[in-house]
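Protein chains in written order, with numbering that gives the first Met the number 0: chain S, 0 to 900; chain V, 0 to 183. Idealized CB from N, CA, C, for every residue including glycine. Quick caveat, the model's predicted, so the values are computed rather than measured. Data first, discussion second: the structure below is written as structure tokens.
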Amino acid sequence: MRFSLLLSLTLCCQPLAAVTSPLCNSEIKGQTSKVKNQTFLASGSQIEAASGCSVANRESLLGVAAGAVEAIEESRASQLIDYFFLCEGLRERLPPRRSTPRYVKRPFGALYGPESIDGFHEQSFFCGSQIACPLFVTREPRGSQFKNQTSRIETALGSSVTNRESPSCSLTLSGRLLSEHDDESLAYATVYGQTAGRGIQADSAGNFVFTGLCEGKQAFTFTHIGCDGETLTLDIRRDTQITVYLHHHDNYTETVTVSATANAGYSRELDERAPQQLTDALERITGVSSLRAGTSAAKPVFDGVFGNRLSVQNNGIAQSGQQWGNDHAPEIDPWIAAYVRVVEGVEALKYAGPTVAATVLIEPAPLREDEEAAGKVAYGFQSNGRGHTLNARISGGERLAYRLSMSGKYSGDQQAPDYYLANTGRREGNLALQLAYFHNPKWTTRAYYSNFNAGIGVLRGAHVGNLTDLEFAINREEPFFTVDTFTYRLNSPKQVVSHHLAKVETEFRPNEDHRFTFRYGGQLNIREEFDVRRGELNDMPALSLQQFNHLFEGAWHHELGPDRHLDANLQYEFTFNDNEPGTGVLPLIPDYNANRASGYLAYHQEGEQFQYHAGLRFDRQFYEAITISRDLPRRIERFEHVFSTIGVSFELRRKLGKRTSLRAGLTLRQRAPQINELYSNGLHQGVSGIEEGDRMLAPEQSVKLTAGLLLVGDRLTLNAGLFAQPIKDYIFLEPQPDFRLTIRGAFPVFLYRAGDALLYGANLRAFYVPHPKWEFDGRMALVRGQNRAEKQPLIFMPSDNLRLGLSYAPASGWKFAVDGLFVARQTRLDADQDFLVPPPGYALFDLSISREIGLPSDRSLHLRAAAQNIFNTRYRDYLDRQRYFADATGRNLSVRISYKW
Amino acid sequence: MTNRLTYLLLAFVLIIFANGCGEDEDPLIENEEEVITSVTLTLLPNGGQGTVTLSFSDPDGDGGDDPVFSTDGQLEANASYRGQLSFANATGSIDAEIIDEGVDHQAFYQTTGGLAMTLTYLDSDQLLQPLGLMTDISTGVAGSGQLTITLRHEPVKGPLVTISSPDLAGGETDVEVIFDVTVQ
Numbered sequence: 000m001r002f003s004l005l006l007s008l009t010l011c012c013q014p015l016a017a018v019t020s021p022l023c024n025s026e027i028k029g030q031t032s033k034v035k036n037q038t039f040l041a042s043g044s045q046i047e048a049a050s051g052c053s054v055a056n057r058e059s060l061l062g063v064a065a066g067a068v069e070a071i072e073e074s075r076a077s078q079l080i081d082y083f084f085l086c087e088g089l090r091e092r093l094p095p096r097r098s099t100p101r102y103v104k105r106p107f108g109a110l111y112g113p114e115s116i117d118g119f120h121e122q123s124f125f126c127g128s129q130i131a132c133p134l135f136v137t138r139e140p141r142g143s144q145f146k147n148q149t150s151r152i153e154t155a156l157g158s159s160v161t162n163r164e165s166p167s168c169s170l171t172l173s174g175r176l177l178s179e180h181d182d183e184s185l186a187y188a189t190v191y192g193q194t195a196g197r198g199i200q201a202d203s204a205g206n207f208v209f210t211g212l213c214e215g216k217q218a219f220t221f222t223h224i225g226c227d228g229e230t231l232t233l234d235i236r237r238d239t240q241i242t243v244y245l246h247h248h249d250n251y252t253e254t255v256t257v258s259a260t261a262n263a264g265y266s267r268e269l270d271e272r273a274p275q276q277l278t279d280a281l282e283r284i285t286g287v288s289s290l291r292a293g294t295s296a297a298k299p300v301f302d303g304v305f306g307n308r309l310s311v312q313n314n315g316i317a318q319s320g321q322q323w324g325n326d327h328a329p330e331i332d333p334w335i336a337a338y339v340r341v342v343e344g345v346e347a348l349k350y351a352g353p354t355v356a357a358t359v360l361i362e363p364a365p366l367r368e369d370e371e372a373a374g375k376v377a378y379g380f381q382s383n384g385r386g387h388t389l390n391a392r393i394s395g396g397e398r399l400a401y402r403l404s405m406s407g408k409y410s411g412d413q414q415a416p417d418y419y420l421a422n423t424g425r426r427e428g429n430l431a432l433q434l435a436y437f438h439n440p441k442w443t444t445r446a447y448y449s450n451f452n453a454g455i456g457v458l459r460g461a462h463v464g465n466l467t468d469l470e471f472a473i474n475r476e477e478p479f480f481t482v483d484t485f486t487y488r489l490n491s492p493k494q495v496v497s498h499h500l501a502k503v504e505t506e507f508r509p510n511e512d513h514r515f516t517f518r519y520g521g522q523l524n525i526r527e528e529f530d531v532r533r534g535e536l537n538d539m540p541a542l543s544l545q546q547f548n549h550l551f552e553g554a555w556h557h558e559l560g561p562d563r564h565l566d567a568n569l570q571y572e573f574t575f576n577d578n579e580p581g582t583g584v585l586p587l588i589p590d591y592n593a594n595r596a597s598g599y600l601a602y603h604q605e606g607e608q609f610q611y612h613a614g615l616r617f618d619r620q621f622y623e624a625i626t627i628s629r630d631l632p633r634r635i636e637r638f639e640h641v642f643s644t645i646g647v648s649f650e651l652r653r654k655l656g657k658r659t660s661l662r663a664g665l666t667l668r669q670r671a672p673q674i675n676e677l678y679s680n681g682l683h684q685g686v687s688g689i690e691e692g693d694r695m696l697a698p699e700q701s702v703k704l705t706a707g708l709l710l711v712g713d714r715l716t717l718n719a720g721l722f723a724q725p726i727k728d729y730i731f732l733e734p735q736p737d738f739r740l741t742i743r744g745a746f747p748v749f750l751y752r753a754g755d756a757l758l759y760g761a762n763l764r765a766f767y768v769p770h771p772k773w774e775f776d777g778r779m780a781l782v783r784g785q786n787r788a789e790k791q792p793l794i795f796m797p798s799d800n801l802r803l804g805l806s807y808a809p810a811s812g813w814k815f816a817v818d819g820l821f822v823a824r825q826t827r828l829d830a831d832q833d834f835l836v837p838p839p840g841y842a843l844f845d846l847s848i849s850r851e852i853g854l855p856s857d858r859s860l861h862l863r864a865a866a867q868n869i870f871n872t873r874y875r876d877y878l879d880r881q882r883y884f885a886d887a888t889g890r891n892l893s894v895r896i897s898y899k900w
Numbered sequence: 000m001t002n003r004l005t006y007l008l009l010a011f012v013l014i015i016f017a018n019g020c021g022e023d024e025d026p027l028i029e030n031e032e033e034v035i036t037s038v039t040l041t042l043l044p045n046g047g048q049g050t051v052t053l054s055f056s057d058p059d060g061d062g063g064d065d066p067v068f069s070t071d072g073q074l075e076a077n078a079s080y081r082g083q084l085s086f087a088n089a090t091g092s093i094d095a096e097i098i099d100e101g102v103d104h105q106a107f108y109q110t111t112g113g114l115a116m117t118l119t120y121l122d123s124d125q126l127l128q129p130l131g132l133m134t135d136i137s138t139g140v141a142g143s144g145q146l147t148i149t150l151r152h153e154p155v156k157g158p159l160v161t162i163s164s165p166d167l168a169g170g171e172t173d174v175e176v177i178f179d180v181t182v183q
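The structure is reproduced here in structure tokens:
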């Protein structure tokens, strides 16, 4: 590529012009004279500047000169990035030969040349000025490395040429890093300029200033602890300001690597788990196990607690339904979630729902004004169950932004390694609509509606009658009713659930320091459980519950200073729970009305070295239970309860040096008993036992101590945690020594009782990136629980488990991953606590291959093939109720294709 | 903006009241059609001896009150009886239902201890498999022991399954009652 730049001076310039000393290697050919350290070039002379140097033509200060400067032939092609003209009254003459750069003309001061020029042109420039007419010609081949080339500049009479160093890289990129999730500033986030080869740190408000940048396309990686990194490529032409939102999905319970390799695809990993149940997606979080009722239901277990002790927030509203049942999974579709995390301590105090420390947050990505019109459609097929999953999501809008998500799942009988699990099909149809209206910069209103519907088959052979049946089933190789054929049909026993959530919230930000939010969340949960029954009764549910829940909340966020803020909220919630008549069975839990008033206040101090958080919560819970007596004659009996409970939490985090930080927390929570603990009455078919509540139970008092250490290295990140949690008046199901004789035979009886418990444990997570293409992830969790009242271990404690994952990305867009799950046998259980000894430990291996294909206009196609339990290992898990009857599911081969635009 | 704020607050307040402060009518007490609350085995004599009735009653279902066993009459040794098994609940006898769904039900009889008693099926279901509501009973020498009567729902009926092997049949136990019986 050749270029020629013509520089010519008109005769109006002074005959003599000054040439400053060349800074790069330049040679002046021609007549020159020197006046006061300045070299003047006579017209017609030439100056040769080494390539990469800039040459400036500077008028003399002595008089008016007007001139055009014509550049000369170039020996080898290179690209001109820009030219600067500092002239007054400049007139450009001819359009260049090959491209049409855009000029910005200003009366005084700088004239900036073409924004970006590829290749080279012939230009003529005139300049005339009274004071100075310097002309800078800057040339920089791509990649800002100077090549060895020469160029000559011919000057016309009287013009001067100044040789100048290549332009200094003096541009600035500044801005702010905020959490995508709640607009909170990301203090001390890191900005690493990959092209520039260095990084800087943002301040406590997330503001950063990256100076000394050269022009051109540069890549920057933005990271913050607890967030996914984001890499942006920016074309820096001038000082630029940006706001970067990072996907913040952690407080202390989970961590991601803070290294230059951006962990691209947390969201995508979550999307890949859409065909599974929610709890399967939650298992990826360190410390989370699953309590299962076969393939039909799974509930998360965190640090040894679940169900009534681990609340789940569905987009900020406590999931309200029949959470007490161990065979009742949370009715949330993982596809709608962009963030899934477990929080505890001060952060967990903010949320409603019964808990003794932690809560699970399931959140969709918040909508932004001018939400990019985007969408994603995915289809997956799974061999185990021959399941089809279809997911779709579209988003867009400007002032009114929207996102619509839909999922459909259809699967049939699943398979253990040796036989089909009869009647374990599943159907699901879910919908979620998210809207946000940005009235003005200070006021936003958001609305959300989600609907979850599922028909869930329960293993036919798991529905047994009395103890004799159970003992016989336990001794069988295969469960009863196992057949050799596969079917999609769903028969009894089965669950049919439907959950609606409608949420409206409005947020006012009168100034930088205050934020007020008012929120309403309404839920309707409908649950029907069908048992195998005689005659037409088979089509009538044995359990039919309908629950309305309304929550009103007012929240206030107040910035007290650069590092400190206050959070407060007031909540009022009421619940109406009704058994739908016509089941022909006395209900297991009664009709009830409940209401709750709460207040919460928290203070956060987030310095760079030292952070602490303190929170306080108060709840007043009222129940009115409308029960049917168990003795004859049957009559309605009403009971009322009022429970006042508090929660206090204090957490701190201290940075010890650049790479280490310590954290510690102390949380006191009182948990009011739930309705099933007070009033359960009857045969809980799902668990083959008669359960009876105790209405004299009082709130539990729990104290949780946590401590943790985070080590961040260049390649390795380690996060270790410990906890101890004594719980006084711990409510548990105590097996009674005598069986209850009924017409169906003998049944074990469990009564809700209060005792003292102690839970403690540790977890460790390691994330190692030895090479940019390899990632290793290991997580280990150990939990112990002791029922001090009974001097026995607590039941349903997860056994020690270890997850190891290795992924390899050989080329852009490809990824191979291998995962292993190692679960030890649960040895901490007395023989009299269970019908069957805990199963042996096991190891499961998963393999996956995925490929991302980029398509034009920012679209992409993602393909994934995976094998779960690739060795078709036969196993049973202690936390799975199905272990009495059948093996857990065997190999599952799945393919998933998703298209994103 | 304050206008809008007032409307919003008003809307919130309305929602609170719109849903009512909870229904105060008593809920409907379920008619427990499903539960079987009594089992009666009537032994009708094939000869001169008296009729014997063994009955079990547990009206509160899963509730805490103990069930009531009663025996009427005395079984004679070396005698022949025709057994008739009957089930009922608060709404009355459910034998008709069981017979209608004969294919899905089977009754079993097991003897233990010193009880010398042999039972054989007399009736059958729509597919000519045994049902068990009518049996032929012969007593042996005098003695006492236990008779376990089991009613299974959706059992696997077949040649391997005998009158005294409910375990092989599987299904769900609708009734499992153990009577103390004496033969004189």
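Between residue 176/S and residue 238/S, the C-beta gap is not smaller than 7 angstroms, which leaves the two residues out of contact. Collapsing the DSSP output to three states places residue 832/S in a helix.
For residue 327/S, DSSP records no beta bridge to any residue. If one requires a minimum length of 3 residues, the beta strand (DSSP E) runs lying completely within the stretch 331-367 of chain S are 338-343 and 357-362, in chain order.
For the C-beta of residue 27/V, the chain S residues within less than 8 angstroms are, from N- to C-terminus, 580. Ranked by Cα distance from residue 112/V, the first of 105/V, 131/V and 179/V is 179/V.
A distance of 7 angstroms or more separates the beta carbons of residue 838/S and residue 890/S. Pairwise C-beta distances place the stretch 451-462 of chain S out of contact with the stretch 511-522 of chain S, as fewer than three of them are shorter than 8 angstroms.
Nearest in C-alpha terms to residue 775/S, of all of 396/S, 765/S, 781/S and 893/S, is 765/S.
For residue 221/S, the enclosing beta strand (DSSP E) covers residues 215-222. Taking the Cα positions, residue 865/S is about 21 angstroms away from residue 417/S. Unbroken beta strand (DSSP E) runs of no fewer than 3 residues, entirely contained in the stretch 567-640 of chain S, are found at 590-605 and 609-627, following chain order. Apart from the 5 residues on each side of it in sequence, residue 408/S sits with its Cβ closer than 6 angstroms to the Cβ of 388 and 427 in its chain, given in chain order. From the beta-carbon of residue 688/S, no residue of chain V is found nearer than 7 angstroms; the closest lies around 10 angstroms away. Proximity of the stretch 846-853 of chain S to the stretch 349-368 of chain S falls short of the contact definition, fewer than three beta-carbon pairs being nearer than 8 angstroms. Put simply, of 59/V, 26/V and 46/V the residue whose alpha carbon is nearest the alpha carbon of residue 35/V is 59/V.
Rounded to whole angstroms, the gap between the alpha carbons of residue 662/S and residue 473/S is 46 angstroms. At least one CB of chain V lies nearer than 7 angstroms to the CB of residue 465/S.
Within the stretch 90-121 of chain V, the complete beta strand (DSSP E) runs of at least 3 residues fall at 104-112 and 116-120.
Within the stretch 278-313 of chain S, the complete beta strand (DSSP E) runs of at least 3 residues fall at 287-292, 296-301 and 310-313. Spatial neighbours of residue 818/S in its own chain (CB-CB distance under 6 angstroms, excluding positions within 5 residues in sequence) are listed in chain order as 804 and 845.
For residue 662/S, DSSP records a beta bridge to 652/S and 707/S. The residue from 438/S, 384/S, 769/S and 178/S with its alpha-carbon nearest to that of residue 415/S is 384/S. By the Cβ rule, the stretch 800-814 of chain S does not count as touching the stretch 649-666 of chain S, because fewer than three pairs are nearer than 8 angstroms. A direct Cα-to-Cα measurement between residue 402/S and residue 377/S gives close to 16 angstroms. A residue is called buried once 16 or more other Cβ atoms fall within 10 Å of its Cβ, and residue 796/S is buried on that count. Taking the Cα of residue 820/S as reference, the smallest distance to any Cα among 811/S, 836/S, 799/S and 813/S is reached at 799/S.
Contact check for residue 644/S against residue 669/S passes: the beta carbons are separated by less than 7 angstroms. Looking only at 702/S, 767/S, 500/S and 452/S, the smallest Cα-Cα distance to residue 715/S is reached by 767/S.
For residue 891/S, the enclosing beta strand (DSSP E) covers residues 891-899.
Between residue 630/S and chain V, the shortest Cβ-Cβ separation is below 7 angstroms.
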